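In what follows, a single structure is set out as structure tokens and then discussed.
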Amino acid sequence: MLGTMKALLLTSPSSLTLAEVDTPEPGAGEVRVRIAACGICGSDVHGYTGSTGRRIPPLVMGHEAAGTIDAVGQNVSGEMVGQRVALDSTVFCGECDFCRNGQENLCTHRQVLGVSCDAYRRQGCFAEYAIVPERCVYPLPDQMSFVAASLLEPLTIGLQAVRLGGAGPTTRSAVVIGAGTMGSGIAAQIANAGHNVLLLDLDAKSAGEKTPAESAIDRLLASDPPQLMSKKNVARITTGVIDDDFDKLADCDWIIEAIIENLDAKRDLYARIETERKTGSIVSSNTSTIP
Numbered sequence: 047m048l049g050t051m052k053a054l055l056l057t058s059p060s061s062l063t064l065a066e067v068d069t070p071e072p073g074a075g076e077v078r079v080r081i082a083a084c085g086i087c088g089s090d091v092h093g094y095t096g097s098t099g100r101r102i103p104p105l106v107m108g109h110e111a112a113g114t115i116d117a118v119g120q121n122v123s124g125e126m127v128g129q130r131v132a133l134d135s136t137v138f139c140g141e142c143d144f145c146r147n148g149q150e151n152l153c154t155h156r157q158v159l160g161v162s163c164d165a166y167r168r169q170g171c172f173a174e175y176a177i178v179p180e181r182c183v184y185p186l187p188d189q190m191s192f193v194a195a196s197l198l199e200p201l202t203i204g205l206q207a208v209r210l211g212g213a214g215p216t217t218r219s220a221v222v223i224g225a226g227t228m229g230s231g232i233a234a235q236i237a238n239a240g241h242n243v244l245l246l247d248l249d250a251k252s253a254g255e256k257t258p259a260e261s262a263i264d265r266l267l268a269s270d271p272p273q274l275m276s277k278k279n280v281a282r283i284t285t286g287v288i289d290d291d292f293d294k295l296a297d298c299d300w301i302i303e304a305i306i307e308n309l310d311a312k313r314d315l316y317a318r319i320e321t322e323r324k325t326g327s328i329v330s331s332n333t334s335t336i337p
């Protein structure tokens, strides 16, 4: 028993408190991870305001995390203690038909770290420690920092979207709509695969300001180490605004939609694409509607 730990507790909409809470103990099949880094997802920001209904207080939010296993429950090898790991934000049962078919994201008993809704409450990683099933941690290479590892969760979602798009040697053009963290990461992965990509913002920039897409290019050029994104590959990415460049969607080979939270914008976009688009494939990077 470790007694208490520090946690950033959502106590009411738009109210966070650094609190002392009981340190959780791992149950059978579980591990406890001492959190070293945790990203702030856009869903956490919306959960903080209380607008989604998926962060019902009191709750420890946070799901983009990495750290070191410091304790294990029954039926878990003690050799895992001390392992540096990244966490899967989706807690899946591993036993239902979906899980057995490799579709853990559709698990019948699916939960997400740092989410509380009518169906369940699962404490997250804005804390010193977090509990997850053994099957939800992945070992890290020694050379990967915890901060970089905490970005694996959103980047792998983008990688899956790229894989689903199925770009090949004959792919001429790709468009990514939404220039937040997810969209920027998707555009980077497409460019690294050797394809040209147009990264579109939803809104025009204010006078004298850069759009999120333009800022994303600046960050990619400044990436460290630079071999993660060469200047040659960054040059494959161009930027634009959806209302100004919508005509470019009509004949492109491939669209990836990365509008994570704005459901109204999603609906409007798909309605426009349905009436004006001629060919190609469309991939949504965020299709889950399960609580």
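Counting from 47, one number per residue, gives the positions in the sequence shown under the working numbering. All residues carry an ideal CB built from backbone N, CA and C; glycine is no exception. These figures come from a predicted structure and were not determined experimentally.
Residues bridged to residue i (per DSSP)
i      : result
Glu66  : Lys52
Gly160 : Per DSSP, none; premise fails for Gly160.
Val280 : DSSP lists no partner for Val280.
Tyr175 : Arg80
Ala132 : Ala112, Tyr184
Gly286 : Leu246
Ser330 : Glu303
Val193 : Beta-bridge pairing links Val193 to no other residue.
Ser60  : None; Ser60 has no bridge partner.
Per-residue DSSP class, three states only, for residue i
i      : result
Pro200 : helix
Leu315 : helix
Glu180 : helix
Met146 : The sequence shown places Arg at residue 146, not Met. Arg146 falls in the helix class under three-state DSSP.
Leu186 : coil
Ile305 : coil
Ile336 : A caution first: Ile336 carries a pLDDT of 35, below 50, which makes its placement in the model unreliable, though a value can still be read off. Ile336: coil per DSSP, three-state reduction.
Phe292 : helix
Pairwise C-alpha distance: residue j and residue i
i      : j      : result
Pro187 : Asp247 : 35 angstroms
Ile336 : Val158 : Because Ile336 carries a pLDDT of 35, less than 50, the predicted location of this residue cannot be relied on, and the following value inherits that uncertainty. Going from the Cα of Ile336 to the Cα of Val158 covers about 10 angstroms.
Arg101 : Leu56  : 8 angstroms
Leu64  : Thr114 : 22 angstroms
Ala296 : Ile319 : 8 angstroms
Gly140 : Leu48  : 29 angstroms
Val122 : Arg146 : 21 angstroms
Pro59  : Gly93  : 8 angstroms
Ile223 : Ile232 : 10 angstroms
Met107 : Arg181 : 21 angstroms
Val137 : Arg156 : 6 angstroms
Thr333 : Val287 : Any answer about Thr333 is weak, because its pLDDT of 49 lies below 50 and its placement is not dependable; what the coordinates show is given next. Going by the C-alpha atoms only, they are around 23 angstroms apart.
Thr257 : Pro70  : 42 angstroms
Ile177 : Gln206 : 26 angstroms
Gly96  : Val79  : 27 angstroms
Ser61  : Ile328 : 38 angstroms
Arg313 : Gln189 : 42 angstroms
Phe172 : Cys163 : 18 angstroms
Ser330 : Ala195 : 24 angstroms
Gly85  : Val208 : 22 angstroms
Gln120 : Ala112 : 22 angstroms
Gly160 : Gly229 : 22 angstroms
Val77  : Phe292 : 48 angstroms
Thr216 : Glu125 : 47 angstroms
Arg130 : Ala225 : 31 angstroms
Pro127 : Ala53  : In the sequence as displayed, the identity of residue 127 is Val instead of Pro. Looking at the two C-alpha atoms, the distance is approximately 22 angstroms.
Contact belief for residue i with residue j at Cβ below 8 angstroms, rounded distance in angstroms
i      : j      : result
His109 : Gly170 : 5 angstroms
Gly221 : Leu244 : At residue 221 the sequence reads Val, which differs from the Gly that was named. Indeed they touch by this definition, with Cβ atoms about 5 angstroms apart.
query = What are the start and end residues of each continuous alpha helix (DSSP H) run of 4 or more residues lying completely inside the region 206 to 270, in chain order?
reply = 227 to 238, 258 to 267
inquiry  = Going residue by residue through the region 68 to 126, where are the continuous beta strand (DSSP E) segments of at least 3 residues, counting only ones entirely within it?
reply    = 76 to 85, 110 to 118
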